[in-house]
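Asker:
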Amino acid sequence: MGTIKTWNKWANAHTYYGLDLLRVGLGVFLIVKGINFMSNLDQFVSVMQPFEDLPGSFIILHYVAAAHFVGGFFIVIGLLTRWAVAFQFPILFGAIMANFLGEMIPGNLIMAIIIFLACVFFFVYGSGKHSSDYYLKMQQ
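As structure tokens, this is what we get:
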């Protein structure tokens, strides 16, 4: 718990509007991807093809859509950002691995790696000073 408090103090002292815009952009991107997965089943089936032999692959469909949609919303408003980002890690790891197990699409691989790195950054950095987390903490 002390480590997270130290990270939060550092993040609040080094917050910039550019990082907040990056956080909001990441959240909006994840929301759009979640909506895309919910509305375009054929694309999702083609992405899931390398994982179809794994048990529980149907559950992955629901997890990806819900985690992107809800997690993206939480990241946009800055509420429970580290938790929302942590729920993205298995999805992004799967997106990266899907390029190696199935058909290699370099654009998707680069996009997945960039989003993964942004999620790692916000997992360490947190939501920043201009977020719901900071506002709620100040109300205590």
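Read in order, the letters of the sequence shown are residues 140 to 279 in the numbering used here. Built from N, CA and C at the ideal position, the CB exists for glycine as well.
Short of 6 angstroms in beta carbon distance, which residues of its chain neighbour Ile-216, apart from the five on each side in sequence? Order them along the chain.
Answerer: Ser-271
Asker: What did DSSP end up calling Ser-266 once you bin it into helix, strand or coil?
Answerer: coil
Asker: At 4 residues or longer, what runs of the alpha helix (DSSP H) sit wholly inside the region 158-220?
Answerer: Correct list: 180-187 and 196-216.
Asker: Using a threshold of 9 angstroms, state whether the C-beta atoms of Phe-176 and Val-203 are closer than that.
Answerer: Taking 9 angstroms as the cut-off, the beta carbon of Phe-176 is found closer than this to the beta carbon of Val-203.
Asker: Taking contact to mean at least 3 C-beta pairs separated by less than 8 angstroms, is the region 153-168 in contact with the region 179-199?
Answerer: As far as the Cβ criterion goes, the region 153-168 does not touch the region 179-199, which means the pair count is below three.
Asker: On a Cα-Cα basis, can you pick out the residue from Pro-245, Tyr-264 and His-207 that is closest to Arg-221?
Answerer: Tyr-264
Asker: Measuring alpha carbon to alpha carbon, tell me which residue in Leu-218, Phe-228, Ser-185 and Ile-252 is nearest Glu-242.
Answerer: For Glu-242, the nearest C-alpha among the options comes from Ser-185.
Asker: Among Ala-223, Ala-152, Ile-174 and His-201, which residue has its Cα nearest to the Cα of Phe-255?
Answerer: When each option's Cα is compared against that of Phe-255, the closest is Ala-223.
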